[in-house]
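One structure below.
Chains as they are written, first to last, in the numbering used here: chain U, 1 to 309; chain B, 1 to 358; chain H, 1 to 516.
Given below as structure tokens:
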């Protein structure tokens with residue numbers, strides 16, 4: 001055995017740390033592409049996490065658990081839609097309130113379950129391939145959600161850039177007035193995009209409570225919903241780059257865990273700051289080029305649409 | 001659709017004052033449902049939440065103890081929200097204010113000067129403002145979104161507090177508990193009414209209410225804040241600087257939040273602990289909106305939110321309700337408020353469809 | 001006179017549409033025969049846009065019937081309109097800036113499209129009708145004229161029987177407009193009916209077979225425009241006898257008040273236009289008009305003059321001999337510069353603020369509305385009341401918000417606010433855009449009086465009629481360059497048209513100034 005044994009476990013942990021960000025990021029990307037900014041990702045992830053966890057605990061069925069998480073996230077997103085799309089409330093304020101509400105609601109739902117363990121989401125064993133050295137455990141022995149996260153990125157990419165429906169969704173985000181005057185149902189399209197974002201955030205949250213650390217704790221997302229929002233800016237609204245960014249942040253999260261394990265002589269809290277500081281740094285570096293952001297951001301993002309006259 | 005939403009030709013001033021009340025009424029209705037779901041008698045629960053905590057004079061004074069940090073944070077945040085500066089990092093600014101303010105006592109515990117407390121308050125304001133200066137700098141210089149940067153810095157500030165309290169600031173005589181030594185009398189916030197915990201910080205909060213009111217209603221700076229928030233291009237036309245307003249509102253919010261944090265450690269807590277605030281900085285966001293971003297409204301909204309903290313505790317003790325109910329309640333208030341706000345700019349109208357005559 | 005025989009392609013009977021507080025369409029009747037170019041003529045606010053949006057299914061009528069080739073039809077949405085055979089070219093284009101020409105065209109068609117095939121069709125149809133387009137260009141890189149071609153080609157690809165054109169020439173140079181007319185005449189010959197919306201009388205006389213006139217939401221008349229004079233059409237459109245603004249033919253020109261000297265500005269946003277060595281001066285007593293198609297540097301020039309953008313070089317702009325290139329808006333204002341921006345709501349005023357606050361917005365310093373650092377509410381209110389009284393602003397009171405006023409009244413308020421500051425130089429952008437005729441002539445007269453009292457007036461407008469009515473000299477801005485200002489008597493519409501199209505005279509070759 002060589003001295004590189006640690007590489008495989010590190011990569012495996014990076015994958016688990018990145019997967020929730022991939023889900024939340026790709027969902028919110030679709031929401032933002034339709035011209036809606038939903039800052040409630042953190043709240044939707046939390047409600048998804050607790051719903052998934054409780055379902056898994058009660059039924060033992062992980063498929064149901066993930067479905068419940070997606071549904072819970074979508075319901076939260078639907079509430080956001082009612083406020084911002086039908087009642088034309090400010091999207092920033094509503095997103096914040098969705099997060100605050102989600103923090104409270106998830107704590108209430110989960111308070112009897114704090115600390116109870118569930119077994120971690122099972123890994124798929126692709127017979128024959130998972131035993132391959134090095135790439136076997138990385139590529140062919142992940143849990144189903146990891147594969148799903150990659151499928152979702154590919155699917156969203158294909159949908160946005162290769163289908164008429166995706167073209168329409170982007171058009172709504174680019175100019176809701178133009179889309180309305182050619183006859184597209186702006187509000188309905190945005191509801192769908194927002195709820196897709198909610199469902200993905202819910203699954204991202206469930207990944208935390210079912211696979212990353214199979215348990216429920218209050219506020220267990222620890223800002224990942226906000227990091228997912230930053231990821232989209234980092235990715236300049238491109239699905240592929242969301243994936244890259246999620247793995248970068250996953251890497252940073254894991255780096256600090258391994259540094260602590262390796263006995264680096266720095267208080268653990270300082271290392272725990274890294275993902276947050278990295279997020280700030282990335283935002284600053286990307287946003288510096290204002291024209292680049294302006295060029296890629298959906299032009300209608302955050303704007304209220306009122307279809308009168 | 002049977003109901004049609006129509007834009008009003010001018011926003012309704014009556015609705016500006018009415019919607020918070022409608023939102024509260026809806027929240028109470030929704031909580032009755034919630035209590036039923038949790039298997040508690042709703043009338044009893046509402047009584048425990050909103051009436052029982054005010055039974056005695058002491059409990060009444062506790063309302064102001066809890067409201068003080070909320071008022072301070074929310075006044076600062078409201079200025080930013082008015083100007084479309086979305087600082088949501090008050091919790092971090094509160095924490096850094098508490099740390100920087102306390103540092104004077106931690107490093108000079110023997111000091112017995114009447115200037116110690118004022119100096120600590122000023123340091124706290126500077127600490128909070130400095131923490132808020134980071135998103136301000138990144139926003140004005142690099143165009144980085146202040147929502148995300150200010151929030152990320154909350155986590156950093158909390159972790160920094162944890163470093164200090166598990167390390168250099170830990171009380172050597174404290175059995176290894178992660179706590180600083182308790183504050184000396186000259187570092188304590190003076191108590192306003194004997195026998196209660198109401199402290200000098202409450203007066204600072206009232207001063208902030210009054211000052212912000214004057215500033216927003218009668219000064220050019222207040223006018224600039226409103227114009228930049230409502231119509232930034234009109235602000236540019238009048239020669240107002242958006243960057244200046246971003247700096248100003250963030251520094252102001254940081255300073256007030258810093259004082260809020262310090263008045264907690266030097267008031268009711270009396271030492272530096274790992275968890276200074278039960279999320280006052282976040283609840284202050286709700287307070288700011290519920291108070292209609294108006295200083296006087298914020299004062300009343302703070303009292304109400306303070307009541308939910310007290311009520312949550314009472315309900316937990318007397319009915320065994322989970323504390324998390326408070327958080328749900330607070331979230332719902334804001335939700336309903338934002339929903340009702342549609343009435344300020346729009347009116348609902350029955351859609352009596354006049355069919356085309358055929 | 002009646003429409004001889006045959007069935008109309010489109011017939012409207014009694015179309016009515018009400019908005020809160022206004023009847024936008026009041027029992028309107030309209031008939032268009034196959035191949036007919038039919039003008040819909042009316043002022044701003046006459047109800048033209050509402051009517052065509054009903055025809056295209058964007059809005060639903062409260063009452064009335066639509067017949068298509070003799071049969072009653074319902075048009076609940078634009079998809080249904082397109083299926084019926086109706087195409088529409090919007091005044092404010094329904095285009096998506098961040099997308100390609102082909103994508104934009106696909107979005108305007110129902111159903112799924114093969115993008116590669118569609119791109120080939122776009123090239124084919126656009127060349128066939130003399131409307132050349134590159135299918136893979138992004139829309140934001142195109143000129144206004146090219147953008148309009150996308151909309152037209154998008155309609156043509158669906159073989160419409162009726163084409164609706166909403167104020168199509170407002171963004172075109174006279175030459176571009178003439179080219180578009182040729183396309184429309186050809187379509188008419190092929191049997192396509194065209195509903196042509198405009199308030200420009202000359203082009204209606206030149207192009208249209210029939211005209212329906214609307215005023216205040218009501219049907220006024222149907223006529224044959226070729227048999228009418230511009231004056232008779234205008235009277236039907238406006239209802240009262242027009243009186244042109246009066247000014248002395250030879251103004252007393254005083255000293256130079258505003259001087260712009262080699263002004264260069266690099267646009268700071270992606271789709272902006274760089275200003276390239278701009279030179280001009282405006283004298284006391286004079287009105288200089290700057291013509292040009294929107295998006296040729298007007299926004300940047302206005303920002304540079306108002307102080308919202310600072311020049312690198314202080315001497316680039318001088319006011320009464322003082323170099324102000326690096327001064328901010330307020331410093332310039334204190335020296336006697338006043339400014340009426342293009343966008344009334346959101347730039348010239350804060351929509352949700354009261355008129356008193358909006359008076360304070362630009363007047364606080366020059367009108368001394370501050371008192372020891374505090375806002376002097378009394379003086380501010382008096383100032384607002386003065387504006388309302390002297391400039392005939394129709395509002396229930398100065399404590400109402402800016403967005404509760406009609407366009408014309410708000411414009412009078414803003415012009416009044418600036419004029420009462422007794423400016424030495426006033427810069428006015430699109431002074432009567434979207435304003436009713438009464439307010440427009442009031443504003444024109446105000447500007448002329450101001451000049452005759454010694455101020456220097458600079459008017460930037462897209463409306464050539466307006467510039468000819470009030471200016472003493474006219475210059476043209478195109479791609480960030482400004483032509484030499486010429487006396488009104490020495491320049492013709494044709495020359496201005498050529499300058500607007502980017503022909504700078506003197507054989508000088510122009511280079512694109514767009515930021516890439």
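By construction, the Cβ of each residue, glycine as well, lies at the ideal position given by its N, Cα and C atoms. Here the structure is a predicted model, which means the values were calculated and not measured.
1. Less than 8 Å separating the beta-carbons of residue 225 of chain H and residue 234 of chain H?
2. Do residue 44 of chain U and residue 102 of chain U have their CB atoms nearer than 8 Å?
3. Among all the DSSP beta bridges, which residues are the ones paired with residue 26 of chain H?
4. Look at the alpha carbon of residue 515 of chain H and the alpha carbon of residue 275 of chain H, and state the distance between them as a whole number of angstroms.
5. Below 7 Å between beta carbons is the criterion; list the residues of the segment 331 to 342 of chain B that meet it against any residue of chain U, in chain order.
6. Note down, in chain order, each residue of its chain lying with its Cβ closer than 7 Å to the Cβ of residue 88 of chain B, except the 5 sequence neighbours on either side.
7. Under a CB-based cut-off of 8 Å, is residue 171 of chain U close to chain H?
8. Distance, Cα to Cα, residue 20 of chain U vs residue 52 of chain U?
9. How far does the beta strand (DSSP E) with residue 259 of chain H in it reach, from first residue to last?
10. Specify, as a first and last residue, the run of the beta strand (DSSP E) that residue 68 of chain H falls within.
11. What do you reckon, are the CB atoms on residue 276 of chain B and residue 95 of chain B nearer than 8 Å?
12. I want to verify the contact list: residues of chain B whose CB lies under 8 Å from the CB of residue 181 of chain U, in sequence order.
13. Could you tell me how far apart the beta carbons of residue 246 of chain U and residue 22 of chain U are, in whole angstroms, since I believe they sit closer than 8 Å?
14. Using CA coordinates, which residue listed in B/127, B/168, B/185 is at the minimum distance from residue 179 of chain B?
15. Can residue 341 of chain H and residue 403 of chain H be called in contact, C-beta distance under 8 Å?
16. With a floor of 4 residues, list each alpha helix (DSSP H) that falls wholly inside the segment 97 to 146 of chain H, ordered by position along the chain.
17. Under the DSSP definition of a beta bridge, which residues are partnered with residue 165 of chain H?
18. What three-state label does DSSP hand residue 353 of chain B in the structure shown?
19. Looking only at its chain, what residues have a beta carbon closer than 8 Å to the beta carbon of residue 175 of chain H, apart from the 5 residues adjacent to it on each side?
20. Going by the DSSP bridge assignment, what does residue 39 of chain H pair with across the sheet?
21. Alpha helix (DSSP H) containing residue 82 of chain U: first to last residue?
22. For chain U, check one thing: does any of its Cβ atoms lie closer than 8 Å to the Cβ of residue 108 of chain H?
23. Any beta carbon of chain B sitting closer than 8 Å to that of residue 137 of chain U?
24. Is the separation between the beta-carbon of residue 472 of chain H and that of residue 286 of chain H shorter than 8 Å?
25. Tell me the start and end of each unbroken beta strand (DSSP E) in the segment 149 to 191 of chain B that is at least 3 residues and wholly inside, in chain order.
26. So, using beta-carbon positions, are residue 204 of chain H and residue 41 of chain H closer together than 8 Å?
27. So, for residue 346 of chain B: in the same chain, excluding its five sequence neighbours on each side, which residues have a beta-carbon less than 8 Å away from its beta-carbon?
28. Please give the ranges of any beta strand (DSSP E) in the segment 441 to 506 of chain H, keeping only runs that are unbroken, at least 3 residues long and fully inside the region.
29. Shorter than 8 Å from the beta carbon of residue 94 of chain H to some beta carbon of chain U?
30. Counting only C-beta atoms, is residue 431 of chain H closer than 8 Å to chain B at any point?
31. Run through chain B and tell me which residues come within less than 7 Å of residue 341 of chain H, C-beta to C-beta.
32. Listed from N- to C-terminal order along the chain, which residues in the segment 363 to 376 of chain H have their beta-carbon within a distance smaller than 9 Å of any beta-carbon of chain B?
33. Using the beta-carbon of each residue, which ones in chain B are nearer than 8 Å to residue 7 of chain U?
34. From the DSSP output, in three-state form, read off residue 376 of chain H for me.
35. Three Cβ pairs or more, each shorter than 8 Å: is that satisfied between the segment 8 to 17 of chain H and the segment 337 to 345 of chain B?
36. Does the segment 369 to 379 of chain H come close enough to the segment 328 to 346 of chain H to have 3 or more Cβ pairs within less than 8 Å?
On the basis of the supplied data:
1. Walking along the third chain from the start, residue 225 of chain H turns up at place 225. Walking along the third chain from the start, residue 234 of chain H turns up at place 234. In this structure, residue 225 of chain H lies away from residue 234 of chain H, with their beta-carbon atoms at least 8 Å apart.
2. Here the question's residue 44 of chain U lines up with position 44 in the first chain. Here the question's residue 102 of chain U lines up with position 102 in the first chain. The Cβ-Cβ distance between residue 44 of chain U and residue 102 of chain U falls below 8 Å.
3. For the purposes of this step, residue 26 of chain H is taken as the residue at position 26 of the third chain. For residue 26 of chain H, the beta-bridge partners assigned by DSSP are H/218.
4. Numbered from 1 along the third chain, position 515 holds the residue referred to as residue 515 of chain H. Numbered from 1 along the third chain, position 275 holds the residue referred to as residue 275 of chain H. Bear in mind that the predicted position of residue 515 of chain H carries a pLDDT of just 34, short of 50, making it too unreliable to give a figure here.
5. Interface annotation for the segment 331 to 342 of chain B against chain U: 331, 332, 334, 335, 338, 339, 341, 342, criterion Cβ-Cβ distance under 7 Å.
6. Here the question's residue 88 of chain B lines up with position 88 in the second chain. Exclusion of the five residues before and after residue 88 of chain B leaves 147, 150, 151, 285 as the residues of its chain whose Cβ lies within less than 7 Å of its Cβ.
7. In the first chain, residue 171 of chain U corresponds to position 171, counting from 1. At a cut-off of 8 Å between C-beta atoms, residue 171 of chain U counts as an interface residue with respect to chain H.
8. By 1-based counting over the first chain, the position of residue 20 of chain U is 20. By 1-based counting over the first chain, the position of residue 52 of chain U is 52. If I take the Cα positions, the gap works out to 13 Å.
9. The residue you call residue 259 of chain H lines up with position 259 of the third chain. Note, residue 259 of chain H: beta strand (DSSP E), 256 to 265.
10. Along the third chain, one-based indexing puts residue 68 of chain H at 68. Element bounds for residue 68 of chain H: 63 to 68.
11. Translated into the one-based positions of the second chain, residue 276 of chain B becomes position 276. Translated into the one-based positions of the second chain, residue 95 of chain B becomes position 95. The answer is yes: Cβ separation under 8 Å.
12. Position 181 of the first chain, counting from 1, holds the residue named residue 181 of chain U. Residues of chain B whose Cβ lies closer than 8 Å to the Cβ of residue 181 of chain U do not exist; the shortest such Cβ separation is about 18 Å.
13. Counting from 1 along the first chain, the entry for residue 246 of chain U is found at position 246. Counting from 1 along the first chain, the entry for residue 22 of chain U is found at position 22. At roughly 4 Å, the Cβ-Cβ gap stays under 8 Å, so residue 246 of chain U and residue 22 of chain U are in contact.
14. Start at 1 with the first residue of the second chain, and residue 179 of chain B comes out as number 179. Looking from the CA of residue 179 of chain B, the closest CA among B/127, B/168, B/185 belongs to B/168.
15. Numbered from 1 along the third chain, position 341 holds the residue referred to as residue 341 of chain H. Numbered from 1 along the third chain, position 403 holds the residue referred to as residue 403 of chain H. A distance of 8 Å or more separates the beta carbons of residue 341 of chain H and residue 403 of chain H.
16. The segment 97 to 146 of chain H contains these whole alpha helix (DSSP H) runs: 101 to 107, 115 to 128.
17. For this step, residue 165 of chain H is matched to residue 165 along the third chain. For residue 165 of chain H, the pairing in a beta bridge is given by DSSP as H/89, H/196.
18. Indexing the second chain from 1 puts residue 353 of chain B at position 353. Because the pLDDT of residue 353 of chain B is 49, which lies under 50, any placement of that residue in the model is unreliable, and the number read from its coordinates should be weighed accordingly. Correct three-state label for residue 353 of chain B: coil.
19. In the third chain, residue 175 of chain H corresponds to position 175, counting from 1. The residues are 497, 498, 501.
20. Locating residue 39 of chain H in the third chain gives position 39, where the first residue counts as 1. H/196, H/211.
21. Along the first chain, one-based indexing puts residue 82 of chain U at 82. Neither: residue 82 of chain U is in no alpha helix (DSSP H) and is coded neither H nor E.
22. As a working note, residue 108 of chain H is residue 108 in the third chain. For residue 108 of chain H, the closest Cβ of chain U is nearer than 8 Å.
23. The sequence position of residue 137 of chain U within the first chain is 137, counting from 1. So, not an interface residue.
24. Counted from its first residue, the third chain places residue 472 of chain H at position 472. Counted from its first residue, the third chain places residue 286 of chain H at position 286. In this structure, residue 472 of chain H places its C-beta atom within 8 Å of the C-beta atom of residue 286 of chain H.
25. Runs found: none.
26. Mapped onto the third chain, residue 204 of chain H falls at position 204. Mapped onto the third chain, residue 41 of chain H falls at position 41. Closer than 8 Å, so yes.
27. Counting from 1 along the second chain, the entry for residue 346 of chain B is found at position 346. Correct list, in chain order: 5, 6, 7, 8.
28. Assignment of beta strand (DSSP E) within the segment 441 to 506 of chain H, counting only whole runs of 3 or more residues, yields 456 to 460, 473 to 478 in chain order.
29. What you label residue 94 of chain H is simply residue 94 of the third chain in a count that begins at 1. The C-beta of residue 94 of chain H comes closer than 8 Å to at least one C-beta of chain U.
30. For the purposes of this step, residue 431 of chain H is taken as the residue at position 431 of the third chain. Any Cβ of chain B closer than 8 Å to the Cβ of residue 431 of chain H would place that residue at the interface, and such an atom is absent.
31. Here residue 341 of chain H is taken as the residue at index 341 of the third chain, counted from 1. Within 7 Å Cβ-Cβ: 237.
32. If the cut-off is 9 Å between Cβ atoms, the segment 363 to 376 of chain H has 364, 365, 370, 373, 374, 375 near chain B.
33. Residue mapping note: residue 7 of chain U aligns to position 7 of the first chain, counting from 1. Near residue 7 of chain U there are no residues of chain B at all, since even the closest Cβ is about 28 Å away, more than 8 Å.
34. The residue given as residue 376 of chain H occupies position 376 in the third chain. Residue state, collapsed to three classes: coil.
35. Taking a cut-off of 8 Å on C-beta distances, the segment 8 to 17 of chain H does not touch the segment 337 to 345 of chain B, as fewer than three cross pairs fall below it.
36. In short, these stretches do not touch, since the Cβ pair count stays below three.
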